[in-house]
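So the sequence lines, in the order shown, correspond to chains U, L, R and B. Residues 1 to 246 in our numbering are what the first sequence lists, from first letter to last. Residues 1001 to 1246 in our numbering are what the second sequence lists, from first letter to last. Residues 2001 to 2304 in our numbering are what the third sequence lists, from first letter to last. Residues 3001 to 3304 in our numbering are what the fourth sequence lists, from first letter to last. A virtual CB, placed ideally from N, CA and C, is assigned to each residue, including glycine. Keep in mind the model is a prediction, meaning the values are calculated, not measured.
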Amino acid sequence: MKAEIISNSHVARGYFDMKFAAAFDGAEPGQFVMIRVTGSMDPLLRRPMSVAGFENGICRVIYKVVGRGTQLLSAKNPGDSIDVLGPFGNAFSPPDTAENILLVGGGIGIAPLLYWHLRNPGRKATAFIGGAASNDILCADEFKHSTIATMDGSAGVRGLVTSPLLETGLLREKGTYLLACGPKGMLKAVDGICIQHGVSGELSLEERMGCGFGVCLGCVVDTSGGRKRMCVDGPVFGVGSVKWQT
Amino acid sequence: MKAEIISNSHVARGYFDMKFAAAFDGAEPGQFVMIRVTGSMDPLLRRPMSVAGFENGICRVIYKVVGRGTQLLSAKNPGDSIDVLGPFGNAFSPPDTAENILLVGGGIGIAPLLYWHLRNPGRKATAFIGGAASNDILCADEFKHSTIATMDGSAGVRGLVTSPLLETGLLREKGTYLLACGPKGMLKAVDGICIQHGVSGELSLEERMGCGFGVCLGCVVDTSGGRKRMCVDGPVFGVGSVKWQT
Amino acid sequence: MANLKVVIGTLELVNPVISASGTFGYGLEFVDKLDLRRIGAFATKGLSLNKRDGNPMPRICETPSGMINSIGLENVGIDVFEMEKLPEIRKTGAKVIANFFGETEDEYLEAARRLDAMEGVHALEMNVSCPNVEKGGIEFGSDPAFLEKLTSLVRKAIRKPLIVKLSPNVADIRPFARAVENGGGDAISAINTLKGMSVDTATRRPRIKRVFGGLSGPAIRPVAVRMVYECARTVKIPVIGIGGIASLEDMLEFLIVGAVAVQVGTMNFVEPGICQRLAEELSVWCEKERIADIREIIGSLKTD
Amino acid sequence: MANLKVVIGTLELVNPVISASGTFGYGLEFVDKLDLRRIGAFATKGLSLNKRDGNPMPRICETPSGMINSIGLENVGIDVFEMEKLPEIRKTGAKVIANFFGETEDEYLEAARRLDAMEGVHALEMNVSCPNVEKGGIEFGSDPAFLEKLTSLVRKAIRKPLIVKLSPNVADIRPFARAVENGGGDAISAINTLKGMSVDTATRRPRIKRVFGGLSGPAIRPVAVRMVYECARTVKIPVIGIGGIASLEDMLEFLIVGAVAVQVGTMNFVEPGICQRLAEELSVWCEKERIADIREIIGSLKTD
Ligand SMILES: Cc1cc2nc3c(=O)[nH]c(=O)nc-3n(C[C@H](O)[C@H](O)[C@H](O)COP(=O)(O)OP(=O)(O)OC[C@H]3O[C@@H](n4cnc5c(N)ncnc54)[C@H](O)[C@@H]3O)c2cc1C
Ligand SMILES: Cc1cc2nc3c(=O)[nH]c(=O)nc-3n(C[C@H](O)[C@H](O)[C@H](O)COP(=O)(O)OP(=O)(O)OC[C@H]3O[C@@H](n4cnc5c(N)ncnc54)[C@H](O)[C@@H]3O)c2cc1C
Ligand SMILES: Cc1cc2nc3c(=O)[nH]c(=O)nc-3n(C[C@H](O)[C@H](O)[C@H](O)COP(=O)(O)O)c2cc1C
Ligand SMILES: Cc1cc2nc3c(=O)[nH]c(=O)nc-3n(C[C@H](O)[C@H](O)[C@H](O)COP(=O)(O)O)c2cc1C
Ligand code: FES
Ligand code: FES
Chain U
1 MKAEIISNSH VARGYFDMKF AAAFDGAEPG QFVMIRVTGS MDPLLRRPMS VAGFENGICR
61 VIYKVVGRGT QLLSAKNPGD SIDVLGPFGN AFSPPDTAEN ILLVGGGIGI APLLYWHLRN
121 PGRKATAFIG GAASNDILCA DEFKHSTIAT MDGSAGVRGL VTSPLLETGL LREKGTYLLA
181 CGPKGMLKAV DGICIQHGVS GELSLEERMG CGFGVCLGCV VDTSGGRKRM CVDGPVFGVG
241 SVKWQT
Chain L
1001 MKAEIISNSH VARGYFDMKF AAAFDGAEPG QFVMIRVTGS MDPLLRRPMS VAGFENGICR
1061 VIYKVVGRGT QLLSAKNPGD SIDVLGPFGN AFSPPDTAEN ILLVGGGIGI APLLYWHLRN
1121 PGRKATAFIG GAASNDILCA DEFKHSTIAT MDGSAGVRGL VTSPLLETGL LREKGTYLLA
1181 CGPKGMLKAV DGICIQHGVS GELSLEERMG CGFGVCLGCV VDTSGGRKRM CVDGPVFGVG
1241 SVKWQT
Chain R
2001 MANLKVVIGT LELVNPVISA SGTFGYGLEF VDKLDLRRIG AFATKGLSLN KRDGNPMPRI
2061 CETPSGMINS IGLENVGIDV FEMEKLPEIR KTGAKVIANF FGETEDEYLE AARRLDAMEG
2121 VHALEMNVSC PNVEKGGIEF GSDPAFLEKL TSLVRKAIRK PLIVKLSPNV ADIRPFARAV
2181 ENGGGDAISA INTLKGMSVD TATRRPRIKR VFGGLSGPAI RPVAVRMVYE CARTVKIPVI
2241 GIGGIASLED MLEFLIVGAV AVQVGTMNFV EPGICQRLAE ELSVWCEKER IADIREIIGS
2301 LKTD
Chain B
3001 MANLKVVIGT LELVNPVISA SGTFGYGLEF VDKLDLRRIG AFATKGLSLN KRDGNPMPRI
3061 CETPSGMINS IGLENVGIDV FEMEKLPEIR KTGAKVIANF FGETEDEYLE AARRLDAMEG
3121 VHALEMNVSC PNVEKGGIEF GSDPAFLEKL TSLVRKAIRK PLIVKLSPNV ADIRPFARAV
3181 ENGGGDAISA INTLKGMSVD TATRRPRIKR VFGGLSGPAI RPVAVRMVYE CARTVKIPVI
3241 GIGGIASLED MLEFLIVGAV AVQVGTMNFV EPGICQRLAE ELSVWCEKER IADIREIIGS
3301 LKTD
């Protein structure tokens, strides 16, 4: 589906915040779209991007330039059109009983968490945002409460985002529920922390995706419920359900 | 070599007139450049385009959108950059004794002839411009004297450009010299007309080009002087020298 | 309206556009993406007697104008296909080509018999690019004599049309095409994926966990067109052309060199509605070119 | 500065970047495009005893991320090469690999002897993807036993390093790699082009006059990387990796799977200075990665 780009702003070194007129009606936080950045055969496949916002038919994604696909995307101007399919995948669904939501985002993983936060202004949430350096910390100001951790200490505390997470007393409170998105290593660590503290939650996973709608079988993950396709059965999986590969 | 696009205007249905800041010093009429329209691997090869003008470091090309390469080129905006190699090939070189130059252009073949004309304002020249329909007749107003022929009669006389050419008395005048560029069928006919009337001249040929500088051997043509590479030994060949294939 | 109908054995297709095995799931994933009755048929993900989990991750990666996959023939198994998928598929009115494979001759035969008996399966496509566990892992499709025997055994065991899908990883595809014809196969489909490999230079690891995978997509089209042309000139049974089709033009290439129908694979991922679009564009194109019957195009290559 | 020197037989290269035969003319066309002493070597257009005009036009066309050529081994012939090209080439200080072929065993031998005797030719690369007129047109490189014999004959007839260039149009490249090693070849280069075809649907004619041609460019890289990996694991002699290299990353892929050097082909057309750029980027990359010697990369694939 052709979609017109409304804005595509360079928000931090290597990061862009894009809005486009969506051909779909809405998207839930946790869902993603598949973007075709060129009509050419190279690059060939669509790129998965989490929905970071949706309002009045306008969809937002936040992305990091890591390779040729995102490079091409970053060169687009307002008025240019891209080709978007979706939204695909399941969504974050913290139970209503969850009083205290911890949002743990690594790098660009903050995007779907931000959307959840903006869509649920009434719910109490604390964000833990991690990244390599200060420019990898995105949208911190869009969260009501946030703690930042960077590997080089250029913003917030120095180290992994799991350190401030472990230090917070919230992990030990009843009604605490965690939503996380980020690199595999971080998710695995967060998963362990949750299990250790008996905290429930959901993790949004990432894997190379050929199609995004369940037919290429390129994105499977082993879970306690068996082999799942990340694109249709996920990308959000419950804490404790993913069988992490070594 | 990166080159910044100065303008890229849609001048007629399917035709564009582009100017870019050249990284080379100049180009002779008849020469061409090789343009890479994308950094992607598809389309892979450069596209040959005749130089249609060169002034103050600014190179002009006029092109028709026929496939994916030219399509991509037409989507470029001023300020965008393209990758240009060249100029390549030989050039039109009518002798000084040629008093009467006939410029015979078919469709987009008019581009190098126009450049020759603009570069040689002092020389007497008459243009014969042919095309399928009126929108295929380009730059007619940039020639001092021109006769137009279209297949559908929507501009000028109806029929092939060779008809008005054959009717002109100029063919029978001493000192007449012909420069032609256009589709193979037209060039072959013009070659025959010249031979028949004992008129000397030069033809600019077109062939798929892999490199443009003589190494792929993709562009050879049989001539009375043996097998030649169109890109380095041409694209301009003398009337009567090309061995036309059936 | 031009007649786009083509026939493969006793299988009649409304048009020659088929979606390729492994790229169209079990069809059901596409019900909201196109009208399954508007495409010739679809081929299921390769089915085996037992459910298979396939290879470890990662098992896809992108390459210039193509992709590599090493899914490892993951599928739900023939039972689940029959019980859970087929009843739903039947409702769509789609023509179904059941792609299948085995690791032994018996598995091939048993799978074929099972699928042959299922209502709603209209033809069988036998994938012979699988390692033969009985023969020390060489592929079923890598020896013409063996391929002829397997084709003939399966052909005798079933009633529905049997399409045999050939591997391009051979020096010369023609003896394999002949083997299928001699074995009584009703049609050939070609090509499956080219064996390829890609390395992540940052980690110095293969991009595909199992090192090798199958290259598909527009990159392989010139190889596919060549092989389909070679097959079509070698045998009289219909040839189905597969490999890198992304546009009407690409599809026409295969038809012109002699394919009776085509399959679209990788591009289903990029444009899920592509098969229906191509079928519609073909119809419009025939109209414009004043072609009354698709058979005027098939094999119409001029080489003088 | 990292040590980028690699050795192929007795041929020492300042770095592992070689430009591929048929895409670099006779080197002279590139003197204004790069510094020939800054690349490892260049391979000449394939030479034969007699001048050849090659195939009729059209003989190239573009495909997704690739191109097809059927130049038909047009070349100036060994005499003109020696008299007109080589004296000029010698002035450039380039390392020259003379690519050659014949239509009979004797032609191969004679061509090899002639080139072996020429000052300024540093190694020979034998193209065996040519039809053998004595054997009814089957390619020299399509039978391992025959390839071993040819390699051995030529090896005994010359003193300079002999590189044998393999065709990818085989079911399994390993027996061919072994044949070269057993025949005494000093190195293998792989791959040559994949047999392909493309059709102009408007005219219904092959885009290449001779119908078939060789597919090259980034599209074939996954197949090339796979075959080079297979060769490198099969033989002890050096393997030179060729196929679709367009970037530093692409070159590293080949080195990591075991290529001692690489050749860049089609991309010379698109970016005439690419070989020098890649050599420079390799140097910078080694520096950054703290790699002291290129041999640390060669064959460093991790597959655990
Ligand atoms: C469900 C999901 C949601 C995502 N949401 C976002 C987001 O909101 N913002 C964002 O910046 N990135 C997001 N990503 C990652 C993003 O898809 C990749 O960074 C992007 O595809 C890289 O493309 P490229 O061409 O620039 O890189 P290249 O490295 O050139 O890509 C090569 C191939 O690898 C795949 N690939 C590369 N990195 C990843 C990755 N991390 N995950 C999955 N596939 C990858 C590409 O899709 C492509 O097929 C998400 C990934 C998934 C699976
Ligand atoms: C010396 C020379 C000068 C030229 N000057 C001009 C010019 O000034 N203006 C202009 O509009 N066109 C000119 N052409 C033709 C122009 O190069 C082609 O129209 C263009 O390459 C088409 O690219 P595409 O991707 O749009 O078309 P596609 O058909 O998608 O191209 C596919 C392939 O065919 C080649 N090709 C297609 N048509 C031609 C053709 N007519 N000649 C050579 N190769 C072709 C392309 O380069 C490409 O490799 C010239 C050609 C030559 C050889
Ligand atoms: C992800 C993926 C999975 C595939 N699975 C199968 C399969 O199960 N059985 C089969 O016969 N072919 C399978 N194929 C091959 C395709 O059906 C097709 O032959 C091949 O991809 C070439 O066509 P394309 O270039 O249009 O993709 C698969 C291809 C892909 C990309
Ligand atoms: C136009 C062209 C001409 C070629 N001529 C020869 C040749 O004469 N001898 C040879 O051994 N290989 C020849 N090749 C093959 C290349 O050397 C190389 O093996 C092949 O193109 C794959 O590399 P690439 O993908 O980088 O182009 C030719 C390739 C092209 C594109
Ligand atoms: S991305 Fe294709 S199945 Fe998930
Ligand atoms: S275009 Fe390559 S030799 Fe002329």
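Q | I1006 (chain L): CB within 6 Å of a non-hydrogen atom of ligand 4 | A | False, no ligand heavy atom lies under 6 Å from that Cβ.
| said: Within 10 Å of its beta-carbon, does K2195 (chain R) have 16 or more other beta-carbons around it, so buried, or fewer, so exposed? | reply: Classification of K2195 (chain R): buried, given that the 10 Å Cβ count is 16 or more.
Item to complete: Could you give the DSSP three-state label for R1123 (chain L): helix, strand or coil?
Response: Looking at R1123 (chain L) - three-state DSSP - the assignment turns out to be coil, as it is neither helix nor strand.
Under 7 Å, Cβ to Cβ, is there at least one residue of chain B near D42 (chain U)? It does; some Cβ of chain B falls within 7 Å.
How would you write the range of the beta strand (DSSP E) that P48 (chain U) sits in, first residue to last?
Where P48 (chain U) is concerned, the enclosing beta strand (DSSP E) stretches over 47-50.
Would you list, in chain order, the members of the region 3062-3074 of chain B that have their beta-carbon closer than 8 Å to a beta-carbon of chain U? Look at the region 3062-3074 of chain B: the residues with a C-beta under 8 Å from a C-beta of chain U are P3064, S3065.
Thinking just about the alpha-carbon of each residue, which of U:D42, U:L72, U:V33 is nearest to the one in A111 (chain U)? That would be U:V33, whose Cα lies nearest to the Cα of A111 (chain U).
Can you check which of these residues, L:C1219, L:D1233, L:S1050, is closest to G1225 (chain L) by C-alpha distance?
Comparing alpha-carbon positions, the option among L:C1219, L:D1233, L:S1050 lying closest to G1225 (chain L) turns out to be L:D1233.
Please give me, in chain order, every unbroken run of the beta strand (DSSP E) with length at least 3 that falls completely inside the region 3176-3223 of chain B.
Whole beta strand (DSSP E) segments, 3+ residues: 3187-3190, 3194-3197, 3212-3216.
In the DSSP output, what is G1130 (chain L) paired with across the bridge?
Looking at the DSSP assignment, G1130 (chain L) forms a beta bridge with L:G1106, L:A1149.
- By DSSP, does K174 (chain U) sit in helix, in strand, or in coil? K174 (chain U) falls in the coil class under three-state DSSP.
Closer than 6 Å by C-beta to H3122 (chain B): which residues in its own chain qualify, once you throw out the five before and the five after it? Chain order, please. Counting only Cβ-Cβ distances below 6 Å, and skipping sequence neighbours, we find L3011, K3095, V3096.
Quiz item: With DSSP run on the structure shown, which of helix, strand or coil describes K3033 (chain B)?
Solution: Looking at K3033 (chain B) - three-state DSSP - the assignment turns out to be coil, as it is neither helix nor strand.
Original post:
What is the rounded straight-line gap between the Cα of W116 (chain U) and the Cα of C1219 (chain L)?
Top reply: Approximately 59 Å between the Cα atoms of the pair.
*Relative to the C-alpha of G1238 (chain L), which residue among L:C1194, L:F1128, L:G1214, L:T1150 is closest?*
If we check each option's Cα against that of G1238 (chain L), L:C1194 comes out closest.
### Which residues DSSP lists as bridging Q3263 (chain B), in chain order
Answer by DSSP bridge pairing, in chain order: B:I3018, B:I3242.
**Request:** Below 9 Å between beta carbons is the criterion; list the residues of the region 2269-2285 of chain R that meet it against any residue of chain U, in chain order.
**Result:** Closer than 9 Å at the C-beta level to chain U, one finds these residues of the region 2269-2285 of chain R: F2269, V2270, E2271, P2272.
With H, G and I counted as helix, E and B as strand and the rest as coil, what does DSSP make of S2152 (chain R)? Of the three classes helix, strand and coil, the one that applies to S2152 (chain R) here is helix, per DSSP.
query = Less than 7 Å separating the beta-carbons of I3191 (chain B) and G3243 (chain B)?
reply = Yes, they are a contact pair.
Any C-beta of chain R sitting closer than 7 Å to the C-beta of V215 (chain U)? Output row for V215 (chain U): interface = yes.
request  = Specify the secondary structure class of F2269 (chain R) as computed by DSSP and reduced to three states.
outcome  = In the three-state reduction of the DSSP assignment, F2269 (chain R) falls in the helix class.
ask   = Is the CB of P2222 (chain R) under 7 Å away from at least one CB in chain B?
value = Taking Cβ atoms only, chain B reaches closer than 7 Å to P2222 (chain R), which makes this a yes.
Check whether the Cβ of C231 (chain U) sits closer than 6 Å to any heavy atom of ligand 5, and report yes or no. Flag set: Cβ of C231 (chain U) near ligand 5.
I need the straight-line Cα distance from G2213 (chain R) to L2109 (chain R), nearest angstrom please.
Whole-angstrom Cα-Cα distance: 26 Å.
Taking only heavy atoms of ligand 3 into account, decide whether any of them is closer than 6 Å to the Cβ of I2242 (chain R). Because some heavy atom of ligand 3 lies under 6 Å away, the Cβ of I2242 (chain R) counts as near it: yes.
Item to check | Contacts of M3267 (chain B) in chain R (Cβ-Cβ under 7 Å) | outcome: Per Cβ cutoff of 7 Å: no residues; M3267 (chain B) is ~11 Å from chain R at best.
Which two residues bound the contiguous beta strand (DSSP E) that contains H10 (chain U)? It spans 2-12 - the beta strand (DSSP E) in which H10 (chain U) sits, taken as one unbroken run.
### Message
For R3159 (chain B), count the other beta carbons within 10 Å of its own beta carbon; 16 or more makes it buried, fewer makes it exposed. Which is it?
### Response
R3159 (chain B) should be labelled exposed.
C3061 (chain B), enclosing beta strand (DSSP E) - first and last residue: Looking at the DSSP string, the run of the beta strand (DSSP E) that includes C3061 (chain B) is 3060-3063.
> Which same chain residues, not among the five before or five after E207 (chain U), have their C-beta less than 6 Å away from its C-beta?
Replying inline: Answer for E207 (chain U): C219, M230, listed in chain order.
When we look at the beta-carbon of G67 (chain U) and count the other beta-carbons within 10 Å, is it buried (16 or more) or exposed? Exposed is the call here.
(request) Within the same chain, show all residues whose beta-carbon is closer than 6 Å to that of L1073 (chain L), passing over the 5 residues directly before and after it, in chain order. (result) Counting only Cβ-Cβ distances below 6 Å, and skipping sequence neighbours, we find V1037.
Under 7 Å, do I1035 (chain L) and M1049 (chain L) count as touching if we go by C-beta distance? Yes, the pair counts as a contact, with Cβ atoms nearer than the cut-off.
- Task: Answer with buried or exposed for A75 (chain U), where buried requires no fewer than 16 other C-beta atoms within 10 angstroms of its C-beta.
- Result: Here A75 (chain U) is exposed: its Cβ has fewer than 16 other Cβ atoms, across all protein chains shown, within 10 Å.
(request) Determine the direct distance from the alpha carbon of G198 (chain U) to that of G86 (chain U), and round the result to whole angstroms. (result) For G86 (chain U) and G198 (chain U), the distance between alpha carbons rounds to 34 Å.
In angstroms, rounded to a whole number, what distance separates the CA positions of I5 (chain U) and A23 (chain U)?
The straight-line gap from Cα to Cα measures roughly 12 Å.
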